[in-house]
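Q: Residue numbers (the working numbering), protein chains in the order written: chain A, 921 to 1180; chain B, 3 to 212.
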Amino acid sequence: MNEASQTQPAIEFSHVSYRANSSDGILHDLSLEIRRGETLVLLGRSGSGKTTTLKLINHLLKPEAGEIRVDGRPISEWDIIRLRRMIGYVIQEVGLFPHFTIERNIGLVPQIENWPADRIRARVQELVRLVGLDQQLASRYPRELSGGQRQRVGVARALAADPPILLMDEPFGALDPLTRAELQREFLELQKRLQKTVVFVTHDLREALLLGTRIGLMEAGRLVTIQTREEFLTSTEPLVVAYRDAFSTGPDTSQPRGRS
Amino acid sequence: MNVWQFMLQNRAEVIELTLEHVWLVGISTLLAALVGIPLGILITRRPSLNKPILGSANVIQTIPSLALFGFLLPAPWIGARADRLAILALTLYALLPLIRNTYAGIKGVDPAVVEAGRGMGLTDRQLLFQVELPLALGVIIAGIRVATVLLIGLTTIAAAIGAGGLGEYIFRGLAMVNNAVILAGAIPAAALALLADAGFGWLERRLSPR
Chain A
921 MNEASQTQPA IEFSHVSYRA NSSDGILHDL SLEIRRGETL VLLGRSGSGK TTTLKLINHL
981 LKPEAGEIRV DGRPISEWDI IRLRRMIGYV IQEVGLFPHF TIERNIGLVP QIENWPADRI
1041 RARVQELVRL VGLDQQLASR YPRELSGGQR QRVGVARALA ADPPILLMDE PFGALDPLTR
1101 AELQREFLEL QKRLQKTVVF VTHDLREALL LGTRIGLMEA GRLVTIQTRE EFLTSTEPLV
1161 VAYRDAFSTG PDTSQPRGRS
Chain B
3 MNVWQFMLQN RAEVIELTLE HVWLVGISTL LAALVGIPLG ILITRRPSLN KPILGSANVI
63 QTIPSLALFG FLLPAPWIGA RADRLAILAL TLYALLPLIR NTYAGIKGVD PAVVEAGRGM
123 GLTDRQLLFQ VELPLALGVI IAGIRVATVL LIGLTTIAAA IGAGGLGEYI FRGLAMVNNA
183 VILAGAIPAA ALALLADAGF GWLERRLSPR
């Protein structure tokens, strides 16, 4: 990678719009730069456009207007299949292939990329260890795993071909609080080592503050503000204040910051 | 003479007609699968074709079978031989369950699985052959099962145009007003239907994704 591509944003939105299509949210004139190696959390309520933004990056949705660039190149110039294979994608429902073993689920992208079998096997073993799963689970089927284990497999599968970009759509949203906290901690550890460019969608302020290097707050299809974690905690932006208030009713209010 | 005595005395002919029956059903189901499964896949990709294709298959199904055999009689090449004609008509009848089940099977795949597959960069073909078809297989086999059982019954009518099969006995028995002869056709046909139903049912359970 040369000098120029290092300083260039990993993903860039300029004046992107998307009109509502069935269940997908709308998006108005979104401009946004996602830096290399950062974890940008998109925070907002359901239908605010976070998931739409994510799906525009891997071209599961096509923008109505504006341009999205990945690695400086407009998406329209990318071979979409190539683009998707360099972007890991993790969703809340996980979407593991029920008829494949865990091993085949994780190794599918390397397999269709024609890696030699022994390299795939080694990579799968490495990933199973990386996401904290027992090696013995590799020969099992998804239905035999718990929700937390399945989402670990989802993360491992997304990382299989070592993509520089990772899109995560409420990946821990369906998990019980303890498992969620566990996976969040492990995600932080993993991200410290891997330094991927991560776009992470959530509606949970606590999760956003814990995981994000920057937080983009979305509302009704617009990006209201984008701030670092520290800025977010002191911001006077009304919607940010509203979010902080909504989450500060519980007993463990400003905890996320204190944890280090 | 009761039916069992009749069948025992004519066992060579019973076996021949049964094999003929199986052949007519088998080849028609195979042809229907070769046409119906791709059509079912097609309408999952081109929703605009959904109505015309499923609609046509539906209409064909409503034509009384005896009438359909009659309609096809003047057709060139096809009409020249009774078995060709029977195979064409039977194939048309078997299309609906095959198209419908292929479509339903693929549409029934968990959307999250499809989205994950697409998002990780599977091509349309890889998604179809590695994910959608394997996961839809149980439902597609169920369609073949329905089609086969349906055709085993319908094929008895093909004897009316001289295509052979167990219907020969049924029509002969009707003409002779002889129940034993009718049953000599009906009992093996019913046995075939039960056998096919059980066999495909087993296959369906085996091949359904866990």
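Each residue gets a CB set at the ideal place from its N, CA and C atoms; glycine is no exception. Keep in mind that this is a model prediction, so the values were computed, not measured.
Taking Cβ-Cβ distances below 8 Å as the criterion, which residues of the stretch 124-135 of chain B are in contact with chain A?
A: Cβ contacts with chain A come from L124, T125, Q128, Q132, V133.
Q: Considering just the uninterrupted stretch of the beta strand (DSSP E) at V990 of chain A, what are its terminal residues?
A: Its beta strand (DSSP E) spans residues 985-990.
Q: Is V1161 of chain A near M1088 of chain A, with beta carbons less than 8 Å apart?
A: Contact: no.
Q: Would you be able to state if there are at least three C-beta pairs under 8 Å between the stretch 115-123 of chain B and the stretch 1001-1010 of chain A?
A: Yes: the two stretches touch, three or more of their Cβ pairs being nearer than 8 Å.
Q: What is the rounded straight-line gap between the Cα of V990 of chain A and the Cα of R1063 of chain A?
A: The alpha-carbon atoms of V990 of chain A and R1063 of chain A are separated by roughly 35 Å.
Q: For the stretch 78-94 of chain B against the stretch 160-167 of chain B, are there 3 or more C-beta pairs whose distance is under 8 Å?
A: Verdict: yes, contact present.
Q: If I measure Cβ to Cβ from K1116 of chain A and keep anything under 6 Å in the same chain, skipping five residues before and after, which residues do I get?
A: Once the five neighbours on either side are set aside, the close Cβ partners of K1116 of chain A are L1086.
Q: Closest by CA to R1134 of chain A, which one among A:R956, A:E1033, A:H948, A:P1036?
A: When each option's Cα is compared against that of R1134 of chain A, the closest is A:R956.
Q: Is L1125 of chain A closer than 8 Å to L963 of chain A when the C-beta atoms are compared?
A: Yes.
Q: Could you compute how far the alpha carbon of L980 of chain A sits from the alpha carbon of L124 of chain B?
A: Cα to Cα, L980 of chain A sits roughly 12 Å from L124 of chain B.
Q: Given that Y1163 of chain A touches chain B, what residues does it touch there, using C-beta distances under 8 Å?
A: Under the 8 Å cutoff, chain B gives no residues; its nearest Cβ is about 28 Å from Y1163 of chain A.
Q: By Cβ distance, which residues of its chain are closer than 8 Å to Q1175 of chain A, with the 5 residues on each side in sequence left out?
A: Interpretation of Q1175 of chain A is limited by its pLDDT of 47, a score under 50 that renders its predicted location unreliable; the figure taken from the coordinates is listed afterwards. Once the five neighbours on either side are set aside, the close Cβ partners of Q1175 of chain A are R1126.
Q: Is the beta carbon of E1139 of chain A less than 8 Å from the beta carbon of S968 of chain A?
A: Closer than 8 Å, so yes.
Q: Output the residue ranges of the alpha helix (DSSP H) runs that lie fully inside the stretch 1033-1078 of chain A and measure 4 residues or longer, sorted by chain position.
A: DSSP runs (the alpha helix (DSSP H)) wholly in the stretch 1033-1078 of chain A: 1037-1050.
Q: Can you tell me the Cα-Cα spacing of E923 of chain A and L976 of chain A, whole angstroms?
A: With a pLDDT of only 47 at E923 of chain A, under 50, the local geometry of the prediction cannot be trusted, and the value read off the model is given with reservation. Roughly 27 Å separates the two Cα atoms.
Q: For P195 of chain B, decide whether its Cβ has a neighbour in chain A, counting only Cβ atoms nearer than 8 Å.
A: First, the residue type needs correcting, since residue 195 of chain B is Ala and not Pro in the sequence shown. Not an interface residue.
Q: Going by the beta-carbon positions, is the gap between N60 of chain B and L98 of chain B smaller than 8 Å?
A: Cβ distance < 8 Å, so N60 of chain B and L98 of chain B count as in contact.
Q: To test your reading of the DSSP string, which unbroken beta strand (DSSP E) runs of 3 or more residues are found completely within the stretch 150-177 of chain B?
A: Taking only runs of at least 3 residues, no beta strand (DSSP E) segment lies wholly in the stretch 150-177 of chain B.
Q: Have a look at A:A940, A:I995, A:G1027 and flag the residue whose alpha-carbon is nearest the alpha-carbon of E932 of chain A.
A: Answer by Cα proximity: A:I995.
Q: Under 6 Å Cβ to Cβ from F71 of chain B, same chain only, skipping five residues before and after it: list those, please.
A: Cβ neighbours of F71 of chain B beyond the five flanking positions: A91, I163.
Q: According to the neighbour-count rule (16 or more other Cβ atoms, all chains shown, within 10 Å of its Cβ), is Q11 of chain B buried or exposed?
A: Counting Cβ neighbours within 10 Å, Q11 of chain B comes out exposed, since fewer than 16 surround it.
Q: Starting from R1142 of chain A, trace the beta strand (DSSP E) both ways and give me its first and last residue.
A: Counting along the chain, the beta strand (DSSP E) containing R1142 of chain A begins and ends at 1142-1148.
Q: Kindly identify the DSSP beta-bridge partner or partners of M1138 of chain A.
A: Answer is A:G964, A:L1143.
Q: With H, G and I counted as helix, E and B as strand and the rest as coil, what does DSSP make of L1086 of chain A?
A: DSSP places L1086 of chain A in strand when its eight states are reduced to three.
Q: Determine the closest residue to L1137 of chain A out of A:A1076, A:L960, A:H1019, A:G1015, with distance taken between C-alpha atoms.
A: The shortest Cα separation from L1137 of chain A among A:A1076, A:L960, A:H1019, A:G1015 belongs to A:L960.
Q: Would you mind sorting L156 of chain B into buried or exposed? The rule is 16 or more other CB atoms within 10 Å of its CB.
A: That one is buried.
Q: Let me know the secondary structure DSSP gives S210 of chain B once reduced to three states.
A: In this structure, S210 of chain B counts as coil in the three-state DSSP scheme.
Q: Residues of chain A with CB under 8 Å from V115 of chain B, in chain order?
A: Under the 8 Å cutoff, chain A gives G1015, L1016, F1017, P1018.
Q: Mind checking the stretch 961-978 of chain A against chain B and listing, in chain order, the residues whose C-beta falls within less than 7 Å of any C-beta there?
A: Under the 7 Å Cβ criterion, the stretch 961-978 of chain A contributes N978.
Q: Tell me which residues share the same chain as I80 of chain B and place their Cβ nearer than 7 Å to its Cβ, disregarding the 5 neighbours each side in the sequence.
A: L74, R86, L87, L90.
Q: Could you pull the DSSP bridge partners for S937 of chain A from this structure?
A: DSSP output for S937 of chain A lists A:A985 as bridge partner(s).
Q: Roughly how many angstroms lie between the CA atoms of A3 of chain B and G107 of chain B, to the nearest whole one?
A: Note on identity: in this sequence residue 3 of chain B is Met, with Ala being the wrong assignment. Their backbone Cα atoms lie some 49 Å apart in a straight line.
Q: What separation, rounded to the nearest whole angstrom, lies between the Cα atoms of D199 of chain B and R102 of chain B?
A: Approximately 18 Å between the Cα atoms of the pair.
Q: Can you have a look at Q1055 of chain A and say buried or exposed, based on whether 16 or more other CB atoms are within 10 angstroms of its CB?
A: Exposed, because fewer than 16 other Cβ atoms sit within 10 Å of the Cβ of Q1055 of chain A.
Q: Quick check on the DSSP output: the alpha helix (DSSP H) that includes I43 of chain B runs from which residue to which?
A: Start and end: 13-47.
Q: I need the straight-line Cα distance from T31 of chain B to L130 of chain B, nearest angstrom please.
A: Each residue's Cα considered, the two are about 23 Å apart.
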